[in-house]
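First the structure, in the form of structure tokens, and then the observations on it.
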Amino acid sequence: MIAAPATTVAARAAATSAAVIGAGPAGLAVVARLLDTGAPRITWIDPAFNGGRLARYPEVPSNTKVALFLQYAAVSPALTKAADAASHDPRATLAALEQGKGCALVHAQKLCADLASALASAFPDRVDVKRGWVSAVHTTSAAGAEFAVDVVDGVKDDFAPNGTGSAVANGAKSTTVHAARLFLCTGSEPTPTPADPAPHAVFPHIQPVNAGKVSYDSASGALKLEGHGTVAGAHGFGIAFPERITDKWGNVEWSVGMWKFMRYIREVIV
1377 MIAAPATTVA
1387 ARAAATSAAV
1397 IGAGPAGLAV
1407 VARLLDTGAP
1417 RITWIDPAFN
1427 GGRLARYPEV
1437 PSNTKVALFL
1447 QYAAVSPALT
1457 KAADAASHDP
1467 RATLAALEQG
1477 KGCALVHAQK
1487 LCADLASALA
1497 SAFPDRVDVK
1507 RGWVSAVHTT
1517 SAAGAEFAVD
1527 VVDGVKDDFA
1537 PNGTGSAVAN
1547 GAKSTTVHAA
1557 RLFLCTGSEP
1567 TPTPADPAPH
1577 AVFPHIQPVN
1587 AGKVSYDSAS
1597 GALKLEGHGT
1607 VAGAHGFGIA
1617 FPERITDKWG
1627 NVEWSVGMWK
1637 FMRYIREVIV
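Written as structure tokens, this is what we have:
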């Protein structure tokens, strides 16, 4: 969420065209789409680059057919280029499974993790991978940058006060990434303030500020901060920020799933 500056001393980094927080299915789809649409430099932030929330549920059967997981990987030219160039094809295991049925989520998780690695390798001059925790995101008036994202090369402190596990190890290096656009793909729900947020397994250090909450436009992913309106250049995608679809009979669906994320993201980022 949009937050107060980190307390650690930050080293200033050059501005990037977009900062993408999260490397699950939505984050991967956003980075791929940004590459497809010509973004010159993307900073991609995640502590593990291991498929996001999917890594928590390896044995859970998917509701999604195997064919749609492969369609997710095939629709983006950047992902296709990365997969074709990889020493081990990230699509191979899924391609060998029965296409009309679901599968254990470990296969989707491995697809995302392997594609993330392949994407970074295929586009080294355009994708800057940062392994770490986001401690804060705040707006900035710096030329060419709307956001400053503080990234800490730290780990959770299991002995943090009140058992929150949200403290960063003392002396951990902090880098501030300046970006023209911001994409939250964290797999968490927007947290209201001023209540303290619950620790998040992927981004436990994020602390929202201001007496309001983060919401979003369910047709575009545009983020809004209560009391401040739409945050220009900031979008949320993924399970916390799904597309809202209403059919001709008035039935509402919150569109969640790898292929649905990819389709929606490709419609919004043009």
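Per this note's numbering: the sequence shown ends with 1646, consecutive numbering throughout. In this text, a Cβ means the ideal position worked out from N, Cα and C, and glycines have one as well. In this text, all values refer to a predicted model and were calculated from it rather than measured experimentally.
Reduced DSSP category for G1403 - H, G, I as helix; E, B as strand; rest coil:
One-based indexing of the sequence shown puts residue 1403 at position 27. It is helical.
May I ask you to verify whether the region 1491–1503 touches the region 1394–1410, counting CB pairs closer than 8 Å and requiring at least 3?
yes
Contacts around A1471, its chain only, beta-carbon distance under 7 Å, and the 5 residues preceding and following it disregarded:
The count along the sequence shown starts at 1 and reaches residue 1471 at position 95. Within the same chain, A1471 has close Cβ partners L1446.
Tell me, please, which residues DSSP counts as bridged to H1554.
Position 178 of the sequence shown holds residue 1554. Note: H1554 sits in a beta bridge opposite A1524.
Could you spell out the range, first to last residue, of the alpha helix (DSSP H) harbouring W1635?
Locating residue 1635 in the sequence shown gives position 259, where the first residue counts as 1. It spans M1634 to V1644 - the alpha helix (DSSP H) in which W1635 sits, taken as one unbroken run.
Local Cβ density within 10 Å of V1436, reported as buried at 16 or more and exposed below that
Counted from its first residue, the sequence shown places residue 1436 at position 60. Exposed is the call here.
Per DSSP, which residues does A1489 bridge with? Please list them.
In the sequence shown, the residue the question calls residue 1489 occupies position 113. In the DSSP output, where bridge partners are listed per residue, A1489 has none listed.
For the alpha helix (DSSP H) that Y1448 lies in, which residues bound it at each end?
Looking up residue 1448 in the sequence shown gives position 72. Note, Y1448: alpha helix (DSSP H), V1442 to A1450.
Using three-state DSSP, classify A1498 as helix, strand or coil.
Against the sequence shown, residue 1498 aligns to sequence position 122. Helix, per DSSP.
Within the continuous beta strand (DSSP E) that includes A1610, where are the two ends?
Here residue 1610 refers to the residue found at position 234 when the sequence shown is read from its first residue. Note, A1610: beta strand (DSSP E), G1605 to G1612.
Quick one: residues in its chain with C-beta nearer than 6 Å to the C-beta of L1444, no 5 flanking neighbours on either side, listed in chain order?
In the sequence shown, residue 1444 corresponds to position 68, counting from 1. If we look at L1444 and ignore the five residues flanking it on each side, its Cβ neighbours are W1635.
Residue range of the alpha helix (DSSP H) that K1549 falls in?
To locate residue 1549, count along the sequence shown from 1; it is residue 173. Careful: K1549 lies outside any alpha helix (DSSP H) and carries neither H nor E.
Are the beta-carbon atoms of R1417 and R1502 separated by less than 7 Å?
Here residue 1417 refers to the residue found at position 41 when the sequence shown is read from its first residue. Here residue 1502 refers to the residue found at position 126 when the sequence shown is read from its first residue. Cβ atoms of R1417 and R1502: closer than 7 Å.
Inter-residue Cα distance where the pair is T1456 and G1603
As a working note, residue 1456 is residue 80 in the sequence shown. As a working note, residue 1603 is residue 227 in the sequence shown. Roughly 42 Å separates the two Cα atoms.
Do three or more CB pairs link the region 1459–1474 to the region 1426–1435 at distances below 8 Å?
no
List the endpoints of the continuous alpha helix (DSSP H) containing T1469.
Against the sequence shown, residue 1469 aligns to sequence position 93. Note, T1469: alpha helix (DSSP H), A1468 to A1471.
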